[in-house]
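Enquirer: The structure follows.
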Amino acid sequence: MKSNKRQFVGIHHVTAIAGNPQENLDFYVGILGLRLVKRSVNQDDPGTYHFFYADAVGTPGTDLTFFAWPGGLRGRDGTGQLASVALAIPSGSMEYWMKRLADHGVPHEGPYRKFDEEVITFSDVHGQALELVAAKDSSSRPWEFWADSPIPAQHAIRGIHGVVLKEASEYPTASFLTEHLGFRLVAEDGGRKRFAVGRGGSGAWLDLLITPYAPRGRVGVGTIHHVAWRTPSDEEQKQWWQRIRNLGVPISDIIDRFWFRSVYFPEPGGALFEIATDGPGFMVDQAFGELGTRLVLPPWLEPHRAEIERALLPIHRPEFYTESGRIPTWED
Ligand code: ZN
Numbered sequence: 036m037k038s039n040k041r042q043f044v045g046i047h048h049v050t051a052i053a054g055n056p057q058e059n060l061d062f063y064v065g066i067l068g069l070r071l072v073k074r075s076v077n078q079d080d081p082g083t084y085h086f087f088y089a090d091a092v093g094t095p096g097t098d099l100t101f102f103a104w105p106g107g108l109r110g111r112d113g114t115g116q117l118a119s120v121a122l123a124i125p126s127g128s129m130e131y132w133m134k135r136l137a138d139h140g141v142p143h144e145g146p147y148r149k150f151d152e153e154v155i156t157f158s159d160v161h162g163q164a165l166e167l168v169a170a171k172d173s174s175s176r177p178w179e180f181w182a183d184s185p186i187p188a189q190h191a192i193r194g195i196h197g198v199v200l201k202e203a204s205e206y207p208t209a210s211f212l213t214e215h216l217g218f219r220l221v222a223e224d225g226g227r228k229r230f231a232v233g234r235g236g237s238g239a240w241l242d243l244l245i246t247p248y249a250p251r252g253r254v255g256v257g258t259i260h261h262v263a264w265r266t267p268s269d270e271e272q273k274q275w276w277q278r279i280r281n282l283g284v285p286i287s288d289i290i291d292r293f294w295f296r297s298v299y300f301p302e303p304g305g306a307l308f309e310i311a312t313d314g315p316g317f318m319v320d321q322a323f324g325e326l327g328t329r330l331v332l333p334p335w336l337e338p339h340r341a342e343i344e345r346a347l348l349p350i351h352r353p354e355f356y357t358e359s360g361r362i363p364t365w366e367d
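Per my numbering, the sequence shown starts with residue 36, numbered consecutively.
So, in structure tokens, the structure goes:
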């Protein structure tokens, strides 16, 4: 890494579109064992949920978030789109997960090898493509075990491993990544190019998959809305904002998401990227034990709580949640 060039630390979070919110909760908390660290609403559409799943505390890089669009249109898998998200598991945990998915009626394919890693592929309850990757470096990742997870610590998901970006052609996305966003090409495998950012490794991969004849992707239920890249400080975020704006790329203002600050811009192929600050984090407004247990609104939406709550579908404690024998705190 050139020391004079700022780099993203890795993936901050991935946001996708779900259908029914209860089914989404049952899958990600109940089956995959992630912690719901924030139960909020889409700040751009406050009548719909925004769920944040992560490790115990919401460590940047472990966070997979969903907008729930019950009854929403299905998205279409295609180009100009983030096609799938890979989750890191410990290298000895593949058999455990194959059995767990089978026990819960989730079909999977694999394991097979990709970039010298063992991978299984499957879809969530609303059709979002997912991978579990046995990550050799999973133990060196910053991660906090959630003691109320139905998954034992030695097999628990360690965070987001990487994302797959699908494009009709390599140009101009690949050169945009390397020339302007600090990514570097590190491997090629069967038509996929793997790019790394920051220190690379689990949590810092972007795989570019070229599919010239695929249709163009369309955002909807079962597709990824955007990927967010980590920046450590507001100062660096401002520098990114200026640099990307100077390229003539349309970029949003810096938006205060309360738990982090965000800017959004499309990469040249059309997929939406975000740059998000590591702080202040999910415990800025809730203590550790309270994370995810009730609906949290940013201060500017708090005056509208009653009408927002009326518009939201009721949810209850996720299915399979108490397999571990614990009854975690939960407000319906
Ligand atoms: Zn985001």
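Where is the CB? At the ideal position from N, CA and C, for every residue including glycine.
(1) Looking at P105: is its Cβ nearer than 9 Å to the Cβ of A346?
(2) What is the DSSP secondary structure of N77, reduced to helix, strand or coil?
(3) Spatial neighbours of P301 within its chain, please: CB distance less than 6 Å, with the 5 preceding and 5 following residues excluded, ordered by chain position.
(4) Is any non-hydrogen atom of ligand 1 found closer than 8 Å to the C-beta of E309, if you look at the structure I gave you?
(5) By how many angstroms is the C-alpha of L165 removed from the C-alpha of A121?
(6) Roughly how far, in whole angstroms, is the beta-carbon of V115 from the beta-carbon of E202, given that I think they are within contact range, below 8 Å?
(7) Based on the DSSP output, what are the partners of F211 in its beta bridges?
(8) Can you give me the start and stop residues for the alpha helix (DSSP H) that K273 sits inside?
(9) My assumption, with CB atoms under 8 Å, is that V256 sits in contact with G235. Please give the rounded CB distance.
(10) Is it the case that the region 177–194 contacts the region 118–134, given that we only count it when at least three CB pairs across the two stretches are under 8 Å?
(11) Would you tell me roughly how many angstroms separate the C-alpha atoms of R280 and E270, rounded to the nearest one?
(12) Starting from the C-beta of W365, find all residues in its chain whose C-beta is less than 7 Å away, skip the five residues before and the five after it, and write them out in chain order.
(13) Going by DSSP, what residue range makes up the beta strand (DSSP E) through A164?
(14) Pull the bridge partners of K228 from the DSSP assignment, please.
(15) What ranges does the beta strand (DSSP E) occupy inside the region 60–140, keeping only unbroken runs of at least 3 residues that lie completely in it?
Expert: Working from what's here:
(1) Taking a C-beta distance under 9 Å as the contact criterion, P105 and A346 do not qualify as a contact pair.
(2) In this structure, DSSP gives N77 an extended state, which the three-state scheme calls strand.
(3) In the same chain as P301, and ignoring 5 residues on each side of it, the C-beta atoms closer than 6 Å to its own belong to L307, in chain order.
(4) Yes; taking the cut-off as 8 Å, the Cβ of E309 has a heavy atom of ligand 1 nearer than that.
(5) Here the alpha carbon of A121 sits roughly 6 Å from the alpha carbon of L165.
(6) According to the sequence as given, residue 115 is Gly; it is not Val. Going by Cβ atoms, the distance from G115 to E202 rounds to 7 Å, so yes, they are a contact pair.
(7) Looking at the DSSP assignment, F211 forms no beta bridge with any residue, so it has no partner.
(8) Where K273 is concerned, the enclosing alpha helix (DSSP H) stretches over 269–281.
(9) Taking a contact as a CB-CB distance under 8 Å, the pair V256 and G235 does not count as one, their CB atoms being some 33 Å apart.
(10) Counting C-beta pairs with one atom in each stretch, the region 118–134 and the region 177–194 have three or more that are closer than 8 Å, which means they touch.
(11) About 15 Å.
(12) So the list reads T328, R352, once near-sequence residues are dropped.
(13) Looking at the DSSP string, the run of the beta strand (DSSP E) that includes A164 is 164–170.
(14) Paired residues: E223, L243.
(15) Counting only runs of 3 or more, we get 70–77, 80–89, 98–103, 116–125.
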